[in-house]
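Engineer: For the sequence shown, the positions run 2 to 200 when the working numbering is used.
Just so it is clear, CB atoms sit at the ideal spot from N, CA and C, and this is done for glycine as well.
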Amino acid sequence: MRIVLGLLACVLTAACITNGRRGADAPPAVYDLGPAPAPASAGRPVLALDVRAPAWLDGEGIAYRLAYAEPARRNDYSRARWAAPPAGLVRQRLGEGLGLAALGQARVRCLLRVELDEFAQVFSGPREARGELRARLQILDRGRALLAEEAFAVAKASPSPDAAGGVAALTGAVDELTSRAAVWRANLAAAGRLKACEE
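1) Do A136 and F153 count as a contact pair if the criterion is CB distance below 8 Å?
2) Contact check, P86 vs E119 under 8 Å by CB: the rounded distance?
3) Is DSSP giving V109 helix, strand or coil here?
4) Among residues of its own chain, excluding the 5 on either side of L113, which ones have a beta-carbon nearer than 6 Å to its beta-carbon?
5) By DSSP, does L189 sit in helix, in strand, or in coil?
6) Taking the alpha-carbon of G98 as reference, which of A191, K196, T179, L195 has the nearest alpha-carbon?
7) So the beta strand (DSSP E) V91 belongs to, where does it begin and stop?
8) CA-CA distance, R94 and A37?
9) Between the alpha carbons of A103 and R80, how many angstroms are there, rounded?
10) In three-state DSSP terms, what is G126?
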């Protein structure tokens, strides 16, 4: 009887260890920004889109910052990541939302350049977070002369204090940037500042 109980204990222990290892070795959750909203209406000056990001946004880590404890330190979630670097995800969603082609995919006279400065979930407390996006938008003519420039800062509350909440907040921030960029572009066109971009 003791032998049977001993064997049973060994089997159960091995099963627990194996299950623990499987959980630790499970692949991280992979996120993108989801389907884009309906594109802007046609008939505006056609622009190509180029999105750039600094070196610290080159990877696929989903970044967060504990502003209440270590505001100068960026961290990445260990069990979640982006499907591509943030610049690529923002380029796709912004391009679809504004009806723009990526740089090199269409013959256009002007370029909308987006320089990402921040793209992270920021915690103001252990259970309170927001997605922060900061970017500089420039419209350049064919010779790359600057026609217009504007800085945008967008913050959206995270529905949960985790990676999924950060993704949702940053997706909302990109959508708000898209809406604000569309208004900015329309105002520039109405003021006659984008005549060099007209076909």
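Structural biologist: In short:
1) As a position in the sequence shown, residue 153 is number 152, starting the count at 1. As a position in the sequence shown, residue 136 is number 135, starting the count at 1. With respect to the 8 Å criterion, F153 and A136 are classified as neighbours on the basis of their beta carbons.
2) Taking the sequence shown and counting its residues from 1, one reaches residue 86 at position 85. Taking the sequence shown and counting its residues from 1, one reaches residue 119 at position 118. About 14 Å separates the Cβ atoms of P86 and E119, ruling out a contact at the 8 Å cut-off.
3) The residue you call residue 109 lines up with position 108 of the sequence shown. Here V109 sits in coil by DSSP.
4) Counted from its first residue, the sequence shown places residue 113 at position 112. Only L48, L50, I140 meet the Cβ criterion.
5) In the sequence shown, the residue the question calls residue 189 occupies position 188. Helix, per DSSP.
6) Position 97 of the sequence shown, counted from the first residue, corresponds to residue 98. It is T179.
7) Working through the sequence shown from its first residue, we reach residue 91 at position 90. No beta strand (DSSP E) contains V91, which is instead part of the alpha helix (DSSP H) from 87-99.
8) Residue numbering aside, residue 94 sits at position 93 when the sequence shown is read from its first letter. Residue numbering aside, residue 37 sits at position 36 when the sequence shown is read from its first letter. Here the alpha carbon of R94 sits roughly 6 Å from the alpha carbon of A37.
9) To locate residue 103, count along the sequence shown from 1; it is residue 102. To locate residue 80, count along the sequence shown from 1; it is residue 79. When the Cα atoms are used, A103 and R80 turn out to be separated by approximately 31 Å.
10) By one-based count along the sequence shown, residue 126 stands at place 125. Correct three-state label for G126: strand.
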